[in-house]
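Step one of this worksheet: look at the structure below.
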Amino acid sequence: MIYLKLFLIFLEIGAVSFGGGYGMISIIREKVLTFGWLSEDEFVNFIAVSESTPGPLAVNMATFVGSSQAGFIGGLIATLGVVLPSLVIIFIIASIMKDLLKYSGVKAMLSGIRPCVVAMILATGITMALSSLLNTTTINSKPAFDYKALIIFLLIALADVLLLKLKKFKLSPITIIVSSAFLGIIFY
72 MIYLKLFLIF LEIGAVSFGG GYGMISIIRE KVLTFGWLSE DEFVNFIAVS
122 ESTPGPLAVN MATFVGSSQA GFIGGLIATL GVVLPSLVII FIIASIMKDL
172 LKYSGVKAML SGIRPCVVAM ILATGITMAL SSLLNTTTIN SKPAFDYKAL
222 IIFLLIALAD VLLLKLKKFK LSPITIIVSS AFLGIIFY
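Heads up, the sequence shown is in the numbering used here, so the first residue is 72 and it goes up one at a time.
Next up, the structure:
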């Protein structure tokens, strides 16, 4: 039964999400927390870890959740569920793409989807910022401001801006993650 549940949940996530992994984060968060597959802290930590590993965020999340709930087969089934809608849609669209783009309705629909994707990514960013800086996960949660997290963020952002301005050097995401972890160890 867990296999079917994992497949259907991640199939739903893959079917209704546009914009890639970042667009899926809010839906994935709702589902994995509702079913108790991950805690809020585990979810936020997994997003950070997923950013430092190869592969799309949604696929990494589906594989991790599936394997943590039902072993290797669960990971495989959850991953299949999240990628299957995109795969089917791509095959369908690729076969009729040249004919679709000449219609103004299709162009209008695609231009209408873009702001929705941006809004979902922005909502995810705000949710993660509130979770990290205020230790709050819902509107009704009492915020507890985390000054240490803000200091770490400001130090990393300052280093990134200074290196870019003075040395014309941009910090890699891996360097930022490792630096943040190092500062986290120092501050916490």
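Don't be surprised by glycine CBs; every beta carbon is placed ideally from N, CA and C.
Where residue i sits in the DSSP three-state scheme
i: A228; result: helix
i: M72; result: coil
i: G85; result: helix
i: K238; result: helix
i: A215; result: coil
i: G94; result: helix
i: T105; result: helix
i: I223; result: helix
i: I210; result: coil
Cβ pair residue i, residue j closer than 9 Å
i: V141; j: I73; result: Here residue 141 is Ala; the residue named in the question, Val, does not match the sequence. Cβ distance < 9 Å, so A141 and I73 count as in contact.
i: L128; j: I148; result: no
i: V130; j: V154; result: yes
i: G94; j: G152; result: no
i: A200; j: N206; result: no
i: T105; j: A133; result: no
i: E111; j: S202; result: yes
i: I257; j: L242; result: no
Where the alpha helix (DSSP H) through residue i begins and ends
i: G196; result: S175 to L205
i: K169; result: L128 to L171
i: A119; result: E111 to E122
i: S251; result: P244 to F258
Exposure of residue i, with buried meaning 16 or more beta-carbon neighbours within 10 Å
i: V103; result: buried
i: G146; result: buried
i: A220; result: buried
i: T209; result: exposed
i: L82; result: buried
i: F117; result: buried
i: L109; result: buried
i: I164; result: exposed
i: I161; result: exposed
i: M191; result: buried
Closer than 9 Å to chain B by CB, residue i
i: K173; result: Looking for chain B here will not work: only one protein chain is present.
Residue closest to residue i, alpha-carbon to alpha-carbon, out of the options
i: V136; options: M180, F78, K178 and I167; result: F78
i: Y259; options: K239, I222 and V177; result: I222
i: V87; options: I184, N211, I197 and F224; result: I184
i: F224; options: I248, S157 and V188; result: I248
i: L254; options: Y218, E113 and F240; result: Y218
i: S251; options: I80, L109, V120 and L75; result: V120
i: L244; options: V188, K236 and A230; result: The question names Leu, but residue 244 is Pro in the sequence shown. Ranking the options by Cα distance to P244, first place goes to A230.
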